[in-house]
Ligand code: ADP
Ligand code: MG
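Numbering (the numbering used here), first residue to last: 1067 to 1640.
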């Protein structure tokens, strides 16, 4: 074969493979461009792990119509003018090849309008070929839709990980990015579902709250440190709060999100001996230094930076972090909110199902009280409850399953489990509707092993699970950590329910919330429980508040009525 020059398009595709290795790389480049464009608002949307579609919409300075053809040209950039600039890079992008690379391996639609122009434009570039460029009317700012990523590079396409993994990596990045840029209002949408949105009010704590939730925020303590060339500020987790992974270690160097093993190691060391084995702290740190203090031009994907002055930064940082911990007394706070318990310690093995309750714990009592409260909180009946419930006189139980009552001119047999299920179901749905589902934090997190299918199911339905009171987290590829469960469950039931739920049919769209709650309630009922008189009273009181005290959620009867005349018939008295 003769030697030939690669066409520019082929060469571009090869180069693209170095820059764009997975959907996450696209997201990184695009949001950095939006940031560079001074956006105050960025909407990020992905579908199918980013392979099907990635959309980034910003309200930044936009692109001049005349510059449109240059956007997708390699080494065309508005951010760098000469080589010496390379050493003092303050903007995020700098190689001018990100968009060229993205466009080479996908179908890109770019819309933009410069702040200084009256009209915008739309440009289509498929597989590196510019298909069209036309004027359109639109707001200032830029929108980029990237579809069918890697459609023309089967090798890259085939090597993509599972969508759920791709999505997880994007979520991790977008979360960190949103927290690191509280001045930008960021929305993040995955497969049409809103993941989070931040307000863009410049408040770091508010951004952390929006992205990681209240639990995280209440367990973070402020931190700051200054050395001659570094200024560091941020938040670090208190000792009661830790993770089984290092993914909550977020560092920004001069505003750029970085992956830096030395910084992670430094953070870890600050907690040496203070956390249980295999638990890691969370931190969000902003490190500022003069641009000469970091070298970003190391790696095509730019995620590694080399920090000069390691000695000057890392050791003092570690010491300051540790000192700060001690100052805050490093005592995990008692749970304040009734949604969650204290962060739990992580143990490798499955927690013993029959763990005796920890009576030394404040939250155990709190939970008990809450369960009672919940039973009392059941909504007022819409239809007045038949008065027969008021007249029931408890006689005794049969086989620990059926309760026998005397009523006016009739005898009633109650299926205690059906009754209990009914009450829990109504409590549960009611709490669900009011979005006040009570969940109990576990003192010792449980873990369950999951396979690929369950993991996929978890990825898809974790929001639903969360809304139902399950706080779960994936650890590695094969374990699911359960931190909170709905209060209606015992630990063993929760575990079983979760496993069953995750192992269900892959397409869960046919399962309604209601069915799920029914299952949940069903799992909450223990068979053959001996019942004491006070509990009988509770059951009756609970039933009074349900809409229909005669049938359970599955439509089975709760009561069987034997009237006096029926008895007399049977005894051949009449
Ligand atoms: P770089 O960011 O390294 O300059 P890119 O390929 O990422 O290279 O982008 C090329 C150019 O396109 C940028 O220099 C910038 O002028 C323009 N651009 C890209 N995205 C945006 C955006 N969201 N808003 C405004 N301009 C943009
Ligand atoms: Mg760029």
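Ideal Cβ positions, reconstructed from N, Cα and C, are used throughout, including at glycine.
Check: residue i C-beta below 7 Å from any heavy atom of the ligand ADP
i	result
residue 1114	no
residue 1099	yes
residue 1530	no
residue 1103	yes
residue 1208	yes
residue 1129	yes
residue 1095	yes
residue 1166	yes
residue 1124	yes
residue 1007	This structure gives no information on residue 1007, because the portion of the chain shown stretches from 1067 to 1640.
residue 1162	yes
residue 1085	no
residue 1092	no
residue 1137	yes
Closest by C-alpha distance to residue i, when choosing among the options
i	options	result
residue 1328	1537, 1179, 1320 and 1315	1315
residue 1101	1113, 1122, 1116 and 1090	1122
residue 1128	1186, 1264 and 1490	1186
residue 1114	1135, 1108, 1103 and 1088	1088
residue 1272	1225, 1618 and 1286	1286
residue 1564	1601, 1512 and 1631	1512
residue 1343	1334, 1351, 1350 and 1200	1334
residue 1346	1524, 1312 and 1378	1312
residue 1242	1325, 1568, 1332 and 1474	1325
residue 1169	1205, 1219, 1380 and 1467	1219
residue 1486	1190, 1606, 1638 and 1139	1606
residue 1330	1085, 1295, 1387 and 1354	1387
residue 1207	1183, 1221 and 1460	1183
residue 1262	1188, 1143, 1110 and 1305	1110
residue 1467	1536, 1480 and 1181	1480
For residue i, the three-state DSSP class (helix, strand or coil)
i	result
residue 1015	In the structure as shown, the chain starts at 1067 and stops at 1640, and residue 1015 therefore has no counterpart that could be examined.
residue 1410	Confidence at residue 1410 is low in this model, with a pLDDT of 33, below 50, so the placement of that residue should be treated as unreliable; the coordinate-derived value is given next. Residue 1410: coil per DSSP, three-state reduction.
residue 1534	coil
residue 1472	strand
residue 1335	helix
residue 1171	coil
residue 1224	helix
residue 1294	coil
residue 1113	strand
residue 1212	strand
residue 1130	coil
residue 1343	coil
residue 1516	coil
residue 1634	helix
residue 1251	strand
residue 1552	strand
residue 1465	coil
residue 1198	strand
residue 1349	strand
Status (buried if at least 16 other CB within 10 Å, exposed otherwise) for residue i
i	result
residue 1288	exposed
residue 1291	buried
residue 1124	buried
residue 1322	buried
residue 1198	exposed
residue 1248	buried
residue 1227	exposed
residue 1508	buried
residue 1141	exposed
residue 1309	buried
residue 1630	exposed
residue 1616	exposed
residue 1229	buried
residue 1085	buried
residue 1521	buried
residue 1459	exposed
residue 1552	buried
residue 1491	buried
residue 1383	buried
residue 1259	exposed
residue 1561	buried
beta-carbon residue i near the ligand MG non-hydrogen atom, thresh 7 Å
i	result
residue 1533	no
residue 1142	no
residue 1169	no
Would you call the segment 1237-1253 and the segment 1266-1283 in contact, with 3 or more CB pairs under 8 Å? Yes, the segment 1237-1253 touches the segment 1266-1283.
Quick one: any contact between the segment 1201-1215 and the segment 1090-1100, if contact means 3 or more CB pairs under 8 Å? Yes, they touch.
Quick check: the segment 1537-1554 against the segment 1514-1527, are there 3 or more CB pairs under 8 Å? Contact between the segment 1537-1554 and the segment 1514-1527 is present, with at least three C-beta pairs closer than 8 Å.
Are the segment 1233-1242 and the segment 1192-1211 in contact at 8 Å, needing three or more beta carbon pairs? A contact between stretches requires three or more CB pairs, one per stretch, nearer than 8 Å, and the segment 1233-1242 fails this requirement with the segment 1192-1211.
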